[in-house]
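Novice: In this text, residue positions in the sequence shown follow this note's numbering: the first is 35, and each later residue adds one.
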Amino acid sequence: MNLVLLGYPGSGKGTQAKALAAKRGFTHISTGDLFREEISKNTDLGTRVKGYISQGKLVPDGVVLDVIENRIKTLKGNILFDGFPRTVEQAEGLERMLEKYSMQTDGVLFFEVNEKEVAKRISARRFCAKCGAIYNVLSSPPKTENKCDSCASPLSTREDDRQEVVLKRIEVYKDLTSPLVSYYRTQGVFHVIDASLGQDEVYAQIEKAVESKAGY
Ligand code: AMP
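Now the structure itself:
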């Protein structure tokens, strides 16, 4: 089963994807995480995408699709796409690619939450650069202030979580990513998740949607 997680930045996709991947054995592909890793390693790809990310713009579709193809061509399915696709062109590219490797999109989970709430959540978001754990200083703070619960490293704020960049990312979502809601809604694979609720309640809805799929 291959799933796409769709929704505003800050709607909780990353947190839920990590939980679902761990519990259900999905291969979690987050294009955002992938790009951040390339940037931190100073690779050619990292250098190419850095400027787009720091300005809150989308990385060009061709670059994203190449990265995805390289990642999925050796996989046999059970993939969780998080933060991809983000444009209709990417969604069409994904469809072609999955077909090429004899796979398909089995479910799209749309994380529904309003714009005001995501802006609030992003400003409270912290992450651990060492192990990737995500925190929210308001709703899911670490046990010790500014320290990762899992590995005790100091927590960081994402560079593109600065307020002016967040506003741009929200605008980009509305212009380029939200058309995917109508794109997928008509395809019979679409599930609306009320992402305004707490983490456990959101996870319970996701489990229900996953279990409703054949074979689970
Ligand atoms: P995220 O961690 O998903 O919020 O992504 C962080 C940033 O990486 C985005 O604001 C974009 O600049 C870039 N990015 C991540 N995924 C994509 C994608 N599928 N298409 C284009 N740009 C992306």
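Glycine included, each C-beta is placed from N, C-alpha and C at the ideal position. Predicted model, so just to flag it, every value in this text is computed and none were measured.
In whole angstroms, what is the alpha-carbon distance linking K91 and R203?
Specialist: For the purposes of this step, residue 91 is taken as residue 57 along the sequence shown, with counting starting at 1. For the purposes of this step, residue 203 is taken as residue 169 along the sequence shown, with counting starting at 1. Rounded to whole angstroms, K91 to R203 spans 7 Å at the Cα level.
Novice: Roughly how many angstroms separate the alpha carbons of R58 and N76, rounded to a whole number?
Specialist: Taking the first residue of the sequence shown as 1, we reach residue 58 at position 24. Taking the first residue of the sequence shown as 1, we reach residue 76 at position 42. Their backbone Cα atoms lie some 32 Å apart in a straight line.
Novice: For K47, does the count of other Cβ atoms within 10 angstroms reach 16, so buried, or fall short, so exposed?
Specialist: Indexing the sequence shown from 1 puts residue 47 at position 13. When all chains shown are included, K47 counts as buried.
Novice: Looking only at its own chain, which residues have a Cβ that is under 6 Å from the Cβ of T211, when we skip the five neighbours before and after it?
Specialist: Sequence index remark: in the sequence shown, residue 211 carries index 177 (1-based). The beta carbon of T211 sits closer than 6 Å to those of R120, all from its chain and outside the five residues before and after it, given in chain order.
Novice: Could you tell me whether any non-hydrogen atom of the ligand AMP is closer than 6 Å to the CB of F115?
Specialist: Here residue 115 refers to the residue found at position 81 of the sequence shown. No, Cβ of F115 sits at least 6 Å from all heavy atoms of the ligand AMP.
Novice: Flag F144 as yes when its Cβ comes closer than 6 Å to any non-hydrogen atom of the ligand AMP, and as no otherwise.
Specialist: Start at 1 with the first residue of the sequence shown, and residue 144 comes out as number 110. Because no heavy atom of the ligand AMP lies under 6 Å away, the Cβ of F144 does not count as near it: no.
Novice: Restricting to Cα atoms, I'd like to know which of G111, D183, A243 and P94 is closest to F145.
Specialist: To locate residue 145, count along the sequence shown from 1; it is residue 111. A check of alpha carbon separations from F145 across G111, D183, A243 and P94 identifies A243 as the nearest.
Novice: For E151, I'd like the list of residues in its chain whose CB is within less than 7 Å of its CB, leaving aside the five on either flank, ordered along the chain.
Specialist: Reading the sequence shown from its first residue, position 117 is the one you call residue 151. Counting only Cβ-Cβ distances below 7 Å, and skipping sequence neighbours, we find S230.
Novice: Return yes when the Cβ of T49 is within less than 7 Å of the Cβ of F118, no when it is not.
Specialist: Looking up residue 118 in the sequence shown gives position 84. Looking up residue 49 in the sequence shown gives position 15. Cβ atoms of F118 and T49: not closer than 7 Å.
Novice: Tell me where the beta strand (DSSP E) around F145 begins and ends.
Specialist: Within the sequence shown, the letter at position 111 stands for residue 145. Counting along the chain, the beta strand (DSSP E) containing F145 begins and ends at G141 to E146.
Novice: Let me know the alpha helix (DSSP H) ranges lying completely inside the region 100–142, each 4 residues or longer, listed in chain order.
Specialist: 122–134
Novice: Cβ-heavy atom distance between F118 and the ligand AMP below 6 Å?
Specialist: Walking along the sequence shown from the start, residue 118 turns up at place 84. F118 Cβ: within cutoff of the ligand AMP.
Novice: Could you tell me if A56 is buried or exposed, where buried requires 16 or more neighbouring beta carbons within 10 angstroms of its beta carbon?
Specialist: For the purposes of this step, residue 56 is taken as residue 22 along the sequence shown, with counting starting at 1. That one is exposed.
Novice: Output the distance between the C-alpha atoms of A53 and A167, rounded to the nearest integer angstrom.
Specialist: Residue mapping note: residue 53 aligns to position 19 of the sequence shown, counting from 1. Residue mapping note: residue 167 aligns to position 133 of the sequence shown, counting from 1. In this structure, the alpha-carbon of A53 lies about 11 Å from that of A167.
Novice: To test your reading of the DSSP string, which unbroken beta strand (DSSP E) runs of 3 or more residues are found completely within the region 148–221?
Specialist: Whole beta strand (DSSP E) segments, 3+ residues: 159–162 and 168–170.
Novice: Under 6 Å Cβ to Cβ from D183, same chain only, skipping five residues before and after it: list those, please.
Specialist: As a working note, residue 183 is residue 149 in the sequence shown. Hits under 6 Å: P176 and K177.
Novice: Can you list, in chain order, the residues of its chain whose CB lies under 7 Å from that of A125, leaving out five sequence neighbours each side?
Specialist: The count along the sequence shown starts at 1 and reaches residue 125 at position 91. By the criterion of a C-beta distance shorter than 7 Å, A125 is surrounded in its chain by P119, L214 and Y217, once the five residues flanking it on both sides are discounted.
Novice: Rounded to whole angstroms, what's the CA-CA distance from L172 to G141? Just pull it up for me.
Specialist: Here residue 172 is taken as the residue at index 138 of the sequence shown, counted from 1. Here residue 141 is taken as the residue at index 107 of the sequence shown, counted from 1. Going from the Cα of L172 to the Cα of G141 covers about 31 Å.
Novice: Taking 6 Å as the cut-off, is the beta-carbon of R105 closer than that to any non-hydrogen atom of the ligand AMP?
Specialist: Counting from 1 along the sequence shown, the entry for residue 105 is found at position 71. Incorrect: R105 has no Cβ contact closer than 6 Å to the ligand AMP.
Novice: Less than 7 Å separating the beta-carbons of Y42 and Y207?
Specialist: Position 8 of the sequence shown holds residue 42. Position 173 of the sequence shown holds residue 207. Against a cut-off of 7 Å, the Cβ pair of Y207 and Y42 comes out as a contact.
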